[in-house]
Structures are given as C-alpha cells and as structure tokens.
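Structure first, commentary second.
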C-alpha cells in the first residue's frame, strides 16, 4: 500500500497568512478602493541588457524561435486587476508570430486597459508602438461574451525584443459579477455571495500555469489576496500554496500577499506514454483555506470528516435496506453468492453519469436522491450514489464494508499538498473484507464485472475510515496477468508472400473492460471498425482484416473475443530457393515505442498488461524448415519477454510469444531499460525462419 | 523528405482569401466549437433548448411521419430533405432560404449534426435560424437565432469581422429528426448562388429553387454531377434530385470540395444590377478584381525607396527580382486581418510595407508595387491551394478561391529559361508564377500545391483561367547516398547524406525550419526507427533549411546494434536500409475505388548505397535486378557485389499525380510491391575457412 506521506516529494508548503475578514457591507466595497490606493510601489522591471540585445540563439533550447526573457504577472485582488508584462526576444523568422498579441477576457465582466508595446532593436534603440487594437468575439451567447483584444505589432524581425503589458480590470458599469479564481461572486445589493465552493474548506485563489510554448528565462508572479473575500460568514481565510514540478521554490509571503520569482522554465512538450499532463506541468496555485485549517493534516481530516458524515447519512437506509436484502438473498448462505446478487442488483440501477442521450425532459423528471432508499426505490442514481448503495446493502447483509474515495488516475495523480478533496478524490469504490482478505468492487461503473475495478481506480490514492480512523492507502494494484490480450492465429502461406487465415483475439481483464467502456456509446458497426483498425495498425502495411465474430460485447464480464479473417501482407520473402519469414509476423516497425535517445518524463501505461501470441503456420507443399531462430526469453521486475518457434508433430510451425509490462509507472531513470527491452523485442521478433525445398 | 510523398498539414497556413466556403468551414468548425464550449462551460451558460418554443412546422411533421427507405446499415444519418431557395429581390438583394430535415440513424451521426452553422459577413445578414428536434420519445425542442452562439474565431486569421453563428442542439440522440430553416440577406458582389447537395450523409431529396426578375436570365452549371432536369417557369426555376449518395472516405482522394456534387446558378441581367455583377467569364471576374485592387498596389515614395535600397548594387534583373521576392517572402510576416471587403481587397502597398505584415493578397500586392520600381509588370493569380477544386473547365465563380499569388511578367525569353514556374501566355508573354507567402519556394520553383493547379489570372482584358505547369517526373527530388558496414556481431554502422529538392525540400522546410533543434533530432530518430529498429544516432546536420534557393542537405551517421538477424548458422539483413515511402496510406483502400487518386506531385527518388558485408560471410544469393514500369510509375533496383561490398541502386519515379479510379489498381500494385520490397531480406552464409 502506498502511504500518502511518501508521495510528498513535491516542494511545496502550506503557509498561512491571516487574511482580514470579509465584511459584507458597503463599507467593504468602499474600502476596496481605499486599499487600492495604499499599495506598495511596484517592483521595477529589469532593464534590457546588452546580453539580451546580442542574443541570437537560446543555448538551453537551440533553434527556439523566440524566448521570453521576462514574464511578470500580478493578480491583485484588492485592486481587482490582473497585470501582465512580457518581454519576448525574437530569434528566428518563425518567432515573429510572437508579434501577434491576443488578450482574451470576459467582456461582460472585465475590460482590458493600459495596453503598451515597446520594441527594441538589436542596436539598443527602442520605439513605442501603438498598433491598432482590434476586438474579436471568441464566443457570445446572449450577454455572456468572451472577447479577444487583438493586435499585430508592425515591423517585427529576428533580433528584436518586444515588451508588452496590459491590465484586466472589472468593468465599472458591471460590478454585479466578478470572478476570483474559481469563485464567481455576485453582488446583490451590498452582499457578496459566493456561488461556487468546490471544496468545503478551500477554494482556488489563483492558478499560474507556468509552462507555455516558449522558454521563460525569468518570471515574477505576485498575488495580492482579497482582503474582503466574501462568503456569508464572518471569518478569516488562510492562504496555502502548492507548487508542481518546481524545485526549491520559496515564495515570499507577507501581509501584502505572495510573491514568487522563477528562472528558466522550459516549454512543455508531450512525450509518448507520459503521466497525466497535470502531473508533469510546472504550475503554482494559491488557495484560500478555511481559517480553522492549520496544516495539511487538518485539511484532510476536516474534509474527510465532512465526506464521512455525508456518505453515512446517504447510506442510512433503515428497514428498507433489510427488506431489499431479504428479497435479494433470501435464505442464501454462501457469502460469494449473496454478494454477487447484491452486486447485480446495484449494477441494474440506471447510472445517470453515463446516460448522455437523456433528454432535458427526462432529466427534469430526475429527483434528487437523498439516500440509498431513494436510489433503490427510483432505480437510478449517480455513480457514487450507486457505489454507496452497494456498500449500504452489503453492510446490511452483514459484510465488513469500507466505502473508499479514490483519485481517478486517468487525468491526475494524487498530490497531498493540494488542498482539494473533491477536486482530487473524485470517485468512490467499495472494499469488502471476505475471510481474511479485502476484495475491491467498482459498482459505480456501468457493466463493471463483479470483483473487478476499472484501472483509473486501481493502484491509486484512496481514503477510507477504519474503526472511525481516517486511513490513506493505495488501492489494490493490477498485475500484468490481470489484463491480457491473447492472439491465436492459424495461418498459411498463400504463395504471394502473404500469410492468410484467421486471427482470434481474446481480451481479458482491463484489456476487455477498457475496450468495452471506451466504446460503450458506439454501435457494433463502429466497434467492428475500431477493432479492425486496431489490428491493422499492428500488422504489416497492406494487411487486410475482416471481423467475422465478436463475443462478449454486451455481457457484464471482463472478456471480449474477436475473430478475424486476415491477410498478413508481404512477410514471406524468397531468397534463391529458400523462403524467409519473420518469426513474429504479426507486427510492423511502428509498433515498438521509445525511439528517442532522450526522455524527460516518467513512463506511464494505463495498467500493466500481457500480450500472448500463439501462431500456427502451415508449411507450403514441398518445403521444410531449414533453420529456426533460437528460443529467447528475458525477465525482469519491469518487463518480460519470451519467444519460441518450433515444428509440431503434424508439421506446422508453432510460434509462442509473450510480452509483459509488469508495472504501469516507471521513473525516468528506467527509460533506458525499457527502451533497451523494446529494442530487444523488436530484434527477436524480426529473426527469420528459413524454409527450404525438400530434397 | 526521405520519401515522404504526402505532405501533412502544410497547406493551411495561408488561407485567407475571399473567405471560406461552407465545405471548408466544416473542417475547422469543431475546433472553434470546442473552444466556445470550453468558455461557456466555464461560465456555466451553455445554450439550452427552448422548451416552450415554436412547435415543429407542418413540413417537418409530415416528413417525420413518412417511412424511411432501406439504407445501408453503416449510414450514420440521412438528409430526408435538403432544400435551398434563392429570391433575387427587386431591392437588389439576394435572399437565401434553406430548409433541411435530417434523421440520425447511428450515434456516430450525432456529433456532426449537433451544430448548425451560418455566418454574418460584411455583405450577408442572417435573418433567421430556426431548428427543431423531434426525439424518438416524441419529446421536442426548438431553437432560434436568439440561442445562437456567435464567434469571430477562424484558423490562421488574426482578425476578421465575420461572425459565425452556431445553433447547438444538445438534445439530439439516435433516432432524432432535426428540422432546420434559415434565411439570409445578401448584398451580392457576384450574382450567383451555389447549392451543395452532396454531403457526408446521403440525401434522399434535394430541391433547389430560384426566383428572379423578369429581365434576368439564369445560367446553370452542374459541378461534379451530371446535368439534370430543370423545370423552368417565367421567372423561376426548380431542380429536384433524389437519392444522392454520401461522399466516401478514401485514402489520397481529392478534397471534398473537388468531388461533391453542386449546382452553380448565375444570374445575367439586362440592366445594370443595383448590387453586384454577373461574371460572364473569367475575364470578367479578372477585370472586376483588377478594379478592386489596382489602387492598392500603387507604390508611394517609401515603397520606391525600399525597392531601390533592396536592389542597390544589383544590375542583373533576375537578381533584382529575386531580392524583392525574398524580401516579401522572408521579411514580411504572414498576418491575416480581414475587415469588410478586406476578405477580397488587399491593403495598400505602403501600409503593408510599413507594417511588414500582411496576408497572401497583401504580400502579392507589396511585391507588385516593389516590382513596378523595376518596371516589371505583374498580375494577381487567385487560386485554391487544394488542387482539383478549380479545374480547367470550372465555370466562373467567386466561391472557388482561398489564396492569392503573383504572376511576374518576364521581359525577355532568356530570364528563367527552363524554370518550372514559367508559363507562356498568349498576349502577355512569359509569366513567372510566384507565391510570396510560401517562404520555402524561391522564384522559379512552383510550390507543390500549385503544380497543375488552376488560377484566375487578373490581367485586364487578358484575364483568364490559367493552368499552371508541373514538375517533371525526371526531376531528382531525393538522393540518398550511404556507406554502411555490417559486422558479424550484427552491428550496422552507417553514414548517409541526403539531398532534397523540390517538393521534398519544401516539406522538410515546412516541418523543420522553425522548430528547436531537438525536434529535428526527434524527427530523424522517428524516421530511422522505422528502418533500423534499435539504433544510436551519432551525429546529424541539416544544411540550408533557411536558404530556399538551395537544396536541403542532411548528413547523419548511426550505429544499429542488431541489424543482422541470425537463424542457425545463417545471417539475414534488409539491403533497403532506409525506408523510401513514409506512409503507405494508399494501402488502406477498402473495396472498389470511387474517386481519383491524388498525389502531391511527380518526381524521382534515388538511393545509392554501399554495404560492406561482414568478414567471412558472403551472399547466399544475389537477387536479379527488379524493374517495374507502368505509365504511373517506374521502379528499379539493382544489387551488385564487388569484393565484399554490396552496391545497391534503386530509383522510384512517380510519373503521374492524378489517376482516375479505373487506374487506381495500377498505383496500388506498385505501392504494395514497394512495401514488400522494403522488407526483403538477403541471406549471408559463412565462407568456408581454409583448413
């Protein structure tokens, strides 16, 4: 089990800065203006240096079209404005596009002011530029309007430096709504009411996504919090900051707010098989946190307490649960059978999170479920309500049940320093102690088989209460054997260099579940197309496949079988009187990952998995095997491979191949090993079987 | 490069002329929609259907009650009715009405039909957009213009004042019937209308109607469709079509705009129309455009001074032209700002020079003004960068184009003698076709998307539709010379030099000139991985990426650890070490071919490789030379063993870049053969050791 504390490897802190109380009176609003006038002087920006002017390339990223020499962003909630300054050095003709500026803003809330542009030539001379500012509508619906101020700076060429700045302020004629981070504030008369509070004890103040498409040499950020942030209670707020992928970051915090200085932020670049982007992108976030929260532990305790209170109330089904249990299990005594019946019952509940085709009329008929009794009575519910219903029924049937809240790892990894409970722990699953071991269930996922958990909830951070004690842990992980793709091929040489015959693909575990779940909204014609495309992508170019039979698509099982007629194109070659064919013919060179010599991010697969191939090839009339490649295998904690070709008693070629990826997350340091592994696999796959004519 | 026959996304950065047609707009709609929805999701203000809105009209209800004919099971949706009507009103305006009923048959049909699109432009005002959805559960919703989302975003355009309107239908599901009516008022530039009746979904019934004044005569042109019956009234015409098949996806087919059936209707008036004009032929349109743009290309003193400064010290006219061309191509950045008529009319040359930016027509305009300093005449050429959209027999229409370039009149017969971009035009002499927007094609070279394309030459009375030349198949566009050493331990060491010109060089520059060095390395690694499996790229160097007048040169060396494969005592290897074709997309063809096969160009690629065989081994068999020849392409490969060195020479010559469907098989066969040929292996046997 992964202890959440071990995951605290991100430099981060939880500074608390006592912020004055939001006073929900007109006086506060008046004070906003006063406060704005008493701000300290803005820190001067660095001058353009000779080094900046002389720069022709970026040593850290040779060939880069441009570099941001200095980026300054100040989010001043007291003044209710955001000011941005950027200094861009144009390095190549392609970099001139940075001379086109686009400033997006919510036109019904804000206005853009004080746009200034200055251009420096390589000789040090400079000119103020006042380009025509055009305004385009990004999107408009009724009064809601998102616009973009657009300007093209004239006469831009490589070598020049562009300074530009602007401010975004609330519109003076529309003070009724404004946005503070993810708080949307509406002013009704003199009251400020917070409409959005995603987490009970925290709310985003500001989020700085620091990685752009351009290298940033130096950056300075400042956050001046809302002195009068409004919620309908008289209390004070603390500030917490969270840095992602920033080493030794130390923001300066004082009564004025938070200041952060950074250097050398590279642009973000995607890599194949990388963890979720949110995990790898450099970012810095500041949260308002409830004043009662003093540290991370307190945050998680309070948040999980609130969650527990919520789910316990929801799971309280009283006698109705017992009645339901009686109906479901009757006199059945076998624990497994009983639980299966309960599971089937909750899986039959309409899952409202996965019915995109529901009309507005249907949606309006949906009532709010207050507890599991409502869910059972109405036979519909959202995914977490269904999970809770399963937990409640199982508990009522006498099982030792734990409702577990998990971080779905398909879009993010758990960050214990990030004060977001609901934002991180977004799904619920159920663990039940049976005998002396725990079994995990995923009833909130439509058609998830009994005893199987979908991969985003496996091997991820989970939280539950055990004997009233809060417990963070890692949910049970998947092994390579839990997800298999087995191909059984029966092929023969067609005399034109191809192998033809049938390929039966058996998907099991996550391999089956993910295909079923990802394609749940598609019809059979589309799924046929997808599965054919998937196999074709794997086979040599020019191959052809035709799905003849598909089994298990509609069944609630972690199994799916597809049978194809196939022509594997151009794999048999003649050399003199001999025929050569690769020992593993069901592949092409694009199938092997990790070609680059360099790697920046960890390697991430959705789940560990195993590929198994059993290929039988009929020899052509008049030919016999002259040479077979040696059987090869290798195994490590990361991956395993075996490949064996032999001649059967009936004279067929038998090829058995197995590739297993044993973990789903590998550190960057493992890249070289994984690359070497796949290189090895490709080399072995391409070994040749030689057939010669019989005497 | 490296045998990449098909450019990827290298032709969408200079869109910007004359707005966009309905069909091309569909391509980027989803991007804009995604952005819009992101914004509105943030605001929590996604448009909602009007529950108590208007009831579905009678025509839609009647259609909903009719039984559906049997359709192919893969049909995702079907237009039950696709109707368009044009009224040429006495006010001089064109009023367009549209009516559609479309039934969604599969879930895959939902996404493309969830959004209904029209656009307000400088001369078009959308007066009405109404939509109704009748769902299988008989629930109904209605939408109108008030619930439309508008946007001015467009790809590759910094600013334009077109407001695209989207009706978003969130309630659509499988089995839904969508009814749609729209109405718009156009103050025309050209008295014409287009009815696109062939789409990605089949159309059961298509109706086009036009009403026009007494003194007006309609001219009809059927495009990509056989001439069909027209019912004419005194002041009206009606066309009815039934069972129009859907456009089909096929690899390497021409763009949809080049194959979709459509009807072009132009109106000739006896009196001068209040708005717009009738273009009787291409010359007519050329004269109009000349009038619209002539003033814009007049140089002022600053333009003349700049031209003088640029050509200072150069006496040779070709050198002078190239200097001015390079200035516009390389130093004037591409920025598209289109306001009002600005979708058609360029900015004034002095303004473009001062800003050092502009779109395609601006760049052509500035170059024209600069050339006038040399007393060199030039003419606009209005084109579509997608080949085959404008064919040499296309009827005159303003709807075809999306790009502007320049034809430079050469003063004598010697200048640019033999250059591929020179076209002799009766009455005008030799014209050098040049694209000032394409930074990777110097004067004399015709960019690949213009080869064998057609464009409107704007040259006063000499205006016409001009067909451009193309490269010759003999042109060597890719030459790779490599020295390789194979060792008995399986290692392959290689050093390669590649020379790229023409299309290959253009594509390489588009992909690699403006990216950081490490992206170039990744690009090369990805290519080598296809050929070598595991390898270590030891060094590499790209030369001349930023000098379009020169060939691109690429040199690299690598070491591949396990290139030789062992089976018993025998070793095998692939002698075609470097892949010649980047993508065998053509092999993805399923079933019978319906559309022509279109390749980006013709040309020749050649490999000359020397492979030193491992000590103590010799070839088991030396294959016979391979020669494949058809009118579409030639391929030959010859292996020769001298001492312990294997010499491989192979050459692929693509001779035709557009094949009718009936000849598709001919191309397919050669690409199949190449795909197999690249994987062919040779056996090495151990030489007997002397006792």
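Protein chains in written order, with this note's numbering: chain A, 1 to 695; chain B, 696 to 1386. In this text, a Cβ means the ideal position worked out from N, Cα and C, and glycines have one as well.
Residue 896 of chain B and residue 773 of chain B do touch by the CB rule: their CB atoms are close to 6 angstroms apart, below 8 angstroms. Residue contact with chain B for residue 573 of chain A: present (Cβ-Cβ distance below 9 angstroms to some residue of chain B). Residue burial is scored here from C-beta neighbours: residue 998 of chain B has at least 16 other C-beta atoms within 10 angstroms and is therefore classed as buried. Assigned with DSSP and collapsed to three states, residue 279 of chain A falls in helix. In this model, residue 981 of chain B and residue 1154 of chain B are separated by some 7 angstroms (Cα to Cα). Residue 351 of chain A has a beta carbon lying at 9 angstroms or more from every beta carbon in chain B. With 16 or more other CB atoms across the displayed protein chains lying within 10 angstroms of its CB, residue 284 of chain A is buried. Between residue 1337 of chain B and residue 543 of chain A, the alpha-carbon positions lie close to 36 angstroms from each other. In this structure, the straight-line span from the alpha carbon of residue 626 of chain A to that of residue 1372 of chain B is close to 23 angstroms.
Within the segment 424 to 467 of chain A, the complete beta strand (DSSP E) runs of at least 3 residues fall at 427 to 434, 437 to 441, 461 to 466.
Where residue 1015 of chain B is concerned, there is no enclosing beta strand (DSSP E), although the alpha helix (DSSP H) around it starts and stops at 1012 to 1021. For residue 169 of chain A, the number of other beta carbons within 10 angstroms of its own is at least 16, and it is reported as buried. The beta carbon of residue 328 of chain A sits closer than 7 angstroms to those of 341, 342, 345, all from its chain and outside the five residues before and after it, given in chain order. Interface annotation, residue 427 of chain A: not in contact with chain B, CB-CB separation never under 9 angstroms. In the displayed model, residue 564 of chain A falls within a strand according to three-state DSSP. DSSP places residue 401 of chain A in the uninterrupted beta strand (DSSP E) bounded by 400 to 406.
Taking every protein chain shown into account, the CB of residue 67 of chain A has 16 or more other CB atoms within 10 angstroms, so this residue is buried. A distance below 9 angstroms separates the beta carbons of residue 1275 of chain B and residue 1369 of chain B. Counting only unbroken stretches of 4 or more residues, the alpha helix (DSSP H) elements lying wholly within the segment 951 to 1006 of chain B are 951 to 954, 977 to 988, 996 to 1006, in sequence order.
According to DSSP, residue 1358 of chain B shares a beta bridge with no other residue.
Fewer than three beta-carbon pairs drawn from the segment 65 to 85 of chain A and the segment 147 to 155 of chain A are found closer than 8 angstroms, and the two stretches are therefore not classed as touching.
Contiguous beta strand (DSSP E) elements confined to the segment 521 to 590 of chain A occur at 544 to 551, 559 to 568, 573 to 575, 578 to 582, taking only those with 3 or more residues.
Within the DSSP bridge table, the entry for residue 886 of chain B names no partner. In terms of beta-carbon proximity, residue 823 of chain B stays away from the interface with chain A, with every pair separated by 9 angstroms or more. As DSSP reads the structure, residue 933 of chain B sits in a beta bridge with B:904, B:926. Using beta-carbon distances, residue 597 of chain A counts as an interface residue toward chain B, with a partner under 9 angstroms. For residue 209 of chain A, there are no neighbours in chain B by C-beta distance under 9 angstroms, as the nearest C-beta there is about 14 angstroms away. A direct Cα-Cα distance of roughly 47 angstroms separates residue 1216 of chain B from residue 996 of chain B. Note that the C-beta distance between residue 1116 of chain B and residue 1062 of chain B is not below 9 angstroms.
In terms of Cβ geometry, residue 220 of chain A and residue 167 of chain A do not form a close pair [threshold 9 angstroms].
Going by C-alpha positions, residue 1223 of chain B is about 21 angstroms away from residue 1239 of chain B. Taking the C-beta atoms as reference points, residue 592 of chain A is found nearer than 9 angstroms to residue 678 of chain A. Taking C-beta atoms as the reference points, residue 1342 of chain B and residue 1335 of chain B count as a pair closer than 9 angstroms. Taking a Cβ-Cβ threshold of 8 angstroms, the residues of chain A close to residue 1228 of chain B are 589, 592, 679, 682, 683, 686, in chain order. Residue pairing of residue 772 of chain B in beta bridges, as defined by DSSP: B:799.
Between residue 1051 of chain B and residue 1027 of chain B, the C-beta spacing is below 9 angstroms.
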